[in-house]
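First the structure, in the form of structure tokens, and then the observations on it.
Chains as they are written, first to last, in my numbering: chain A, 325 to 401; chain B, 4 to 602.
Structure representation (structure tokens):
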């Protein structure tokens, strides 16, 4: 599965929306419940899924889905 | 989804599944229910409160608690506590939870090479601050119970191993503060041991520095379930749902092997064998539970004589027959046996915990007696202690001397029953018991027991008002209230305080606001004695009426006609709620027969 589809599964689960579709450009402004709390959960679940750790700078920076994917891909190399 | 569906969904989730817990917490707003919120909680602290509030609220539904929560601002604790017009006080919570973080006080630690005196002063000053916070909340919300976490001590310290060698060190400073908080704990404060939880998880995993700097989270999001469960569990005890009896299997639970096949000397319990030692260690832990007041029962598929033999003859047994309050060894199914034990001990099945190595038996109990807490027992006996300890089945609000004596008195019940067999009638039996009773005005030392009885008694409880220690202390100071305790002993047992009464006297009318009694002393005419004392008190205060009220619950059917039996007139009945009256003439001519000596 593409990474974006894997992330979409996580997003759908967290935001309790089975029809949610995300793209590289999706930001917190596009998803009503994407706040600092759900952001923490996103980070934790992504870290768990890919067995990686985000640095503080990366968590600060990751504002849209595309940036998440870049960070994850960079770590998986 | 309605409240019950939400509750059942929460109950299915394991505490370490943080993602599922967070997801269900967010669905709180979708509950459609006519159930009214039954508990108000304020949460204050210097950690991320909203998250803790939402997960705690979800976990509380497991105990049928529907909580309304006030969330204090981050670091807003002083504002909420010291301003008597604060949002917190306007909210009027019944419980306030205080969650500090080590960053709150780390800058106040003693300087390197501070003297012992200086170190102690520093610790005292910090603990004084917390005491002031507790006392101010108590003054503004007199009936409120405070639940305060201790400090999770940071794992790091600038002096390395020397931290353990000087009491001025950062490490020792936090230990002293935590110690002092426990030492100074007032009765209206319950300390939750966040430090013990973090130690068990391991601090290396517990702390998430990045999450702290980003969101001021005191710990890693992965443990949100553990942390909130620790908080929620305290409410299980505070609202009277504490469990008090451990039901144990024998073969491969208390010892290795089957006693029926191998005989009492053939079972595995010898500490020279690693597994034998593990079973023995488990028995030691179980004995410690008994000594803190948990009743022990045996429920085993065995021949009774064979099952009892190790207790009497095997030299490696730690538990003796004397330690067991109820012993069911037979070939009937365990669901029936569990109900039988509950009956014998006069407790509800919902106060029992079942520990059995056999998964089939566990499944049977889960299906047929779902109120029982069934422990998922690991295959390896070496892990039994850890397993039983970490399910926190016996989280009580306090320990009283009545708890410690309880299992003693169940054993004495056996002797009492033998006495009954030799008496010609019940009256003779009651006389031969040589019972001494004492009715007293509640004193300060008995507050914990008073609170415990009002919270734990479900059957003999006419109005099922629950009182925290703080609320009781408040009523003691209020002249319209009279709080009475009844203590009983007989030739076999000193029961201690077994009944409590709250009377509210206004304008010559004495209202029985609450009346509870331990079911261990049923059918001994204690209720007859108690009502006589209530009337005596009412007459002394010039009352012209005594009013009684019965509020039905699922469990208190036993006292449905109590007031009738005591000669009261029924004046009103509505949806099962019944109101009663005893007028001045009836009061003056009141007389009941009971079989006690006073004092």
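Glycine residues also receive a C-beta, built at the ideal position from the N, C-alpha and C atoms.
Legend entry - CB contact flag (residue 84/B, residue 129/B, <8 Å): no
Inset, instruction - Using the DSSP secondary-structure output, state which residues sit across from residue 248/B in a beta bridge. - result: 298/B and 355/B
Inset, instruction - Taking the CB atoms as reference points, tell me whether residue 511/B and residue 547/B lie closer together than 8 Å. - result: yes
Inset, instruction - Using a cut-off of 8 Å between C-beta atoms, extract the partners of residue 214/B located in chain A. - result: 364
Legend entry - contact_flag[the stretch 140-158 of chain B, the stretch 99-117 of chain B] where n(CB pairs < 8 Å) is 3 or more: yes
Inset, instruction - Step through the CB atoms of chain A and report whether any lies within less than 8 Å of the CB of residue 78/B. - result: no
Inset, instruction - Have a look at residue 474/B and residue 366/B and give me their C-alpha separation to the nearest angstrom. - result: 41 Å
Legend entry - Nearest-angstrom Cβ-Cβ length linking residue 378/B and residue 357/B, presumed shorter than 8 Å: 7 Å
Legend entry - Interface positions of the stretch 16-39 of chain B facing chain A (Cβ-Cβ less than 8 Å), listed along the chain: 21, 22, 25, 26, 29 and 30
Inset, instruction - Let me know the alpha helix (DSSP H) ranges lying completely inside the stretch 85-141 of chain B, each 4 residues or longer, listed in chain order. - result: 90-94
Legend entry - Euclidean distance between Cα positions of residue 1/B and residue 327/B: Outside the shown range of chain B, which is 4 to 602, sits residue 1/B, and nothing can be said about it.
Legend entry - Start and end residues, beta strand (DSSP E) containing residue 45/B: 42-48
Legend entry - Selection from 351/A, 329/A and 353/A that minimises the alpha carbon distance to residue 343/A: 329/A
Legend entry - Short Cβ contact (8 Å threshold) for residue 562/B with residue 500/B: no
Legend entry - Beta-carbon contacts of residue 321/B that lie in its chain and below 7 Å, excluding the five residues immediately before and after: 283, 286, 287 and 290
Inset, instruction - Can you have a look at residue 453/B and say buried or exposed, based on whether 16 or more other CB atoms are within 10 angstroms of its CB? - result: buried
Legend entry - Closest by C-alpha distance to residue 1/B, when choosing among 292/B, 488/B, 256/B and 316/B: Outside the modelled stretch of chain B, which goes from 4 to 602, sits residue 1/B, for which no answer is possible.
Inset, instruction - Please say whether residue 366/A and residue 53/B have beta carbons closer to each other than 8 Å? - result: no
Legend entry - Where residue 400/B falls: helix, strand or coil (DSSP): coil
Legend entry - As assigned by DSSP and simplified to three states, the class of residue 332/A: helix
Inset, instruction - Go ahead and label residue 518/B buried or exposed: buried means 16 or more other beta carbons lie within 10 angstroms of its beta carbon, across all protein chains shown. - result: buried
Inset, instruction - Excluding the 5 residues preceding and the 5 following residue 14/B in the sequence, name in chain order all residues of the same chain whose CB lies nearer than 7 Å to its CB. - result: 65
Inset, instruction - Please go through the same chain and pick out, in chain order, the residues whose beta-carbon is closer than 7 Å to the beta-carbon of residue 196/B, but skip the five residues on each side of it. - result: 153
Inset, instruction - Would you mind stating whether residue 598/B and residue 528/B have Cβ atoms separated by less than 8 Å? - result: yes
Legend entry - residue 595/B beta carbon less than 8 Å from that of residue 531/B: yes
Legend entry - Rounded C-alpha distance that separates residue 125/B from residue 216/B: 27 Å
Legend entry - Contact with chain A by residue 464/B, beta-carbon distance below 8 Å: no
Legend entry - Residues bridged to residue 586/B [DSSP beta-bridge criterion]: 548/B
Legend entry - residue 39/B - DSSP class collapsed to helix/strand/coil: coil
Legend entry - Under 7 Å from the C-beta of residue 375/A: neighbouring residues of chain B: Within 7 Å Cβ-Cβ: nothing; residue 375/A doesn't reach chain B, min ~14 Å.
Inset, instruction - Please determine, among 359/B, 588/B, 56/B and 399/B, the residue with the shortest C-alpha to C-alpha distance to residue 3/B. - result: Residue 3/B falls outside the range modelled here, since chain B spans only 4 to 602, and no answer is possible.
Legend entry - Contact set between the stretch 37-58 of chain B and chain A, restricted to residues whose Cβ is under 7 Å from the partner: 53 and 54
Inset, instruction - Give the residues of chain A in contact with residue 225/B, contact being defined as C-beta atoms less than 9 Å apart. - result: 368 and 372
Inset, instruction - With a cut-off of 8 Å on the beta carbons, I'd call residue 441/B and residue 490/B a contact; round off their distance for me. - result: 5 Å
Legend entry - Where residue 391/A sits in the DSSP three-state scheme: helix
Legend entry - Nearest neighbour of residue 397/B, chosen from 513/B, 190/B and 239/B [CA to CA]: 239/B
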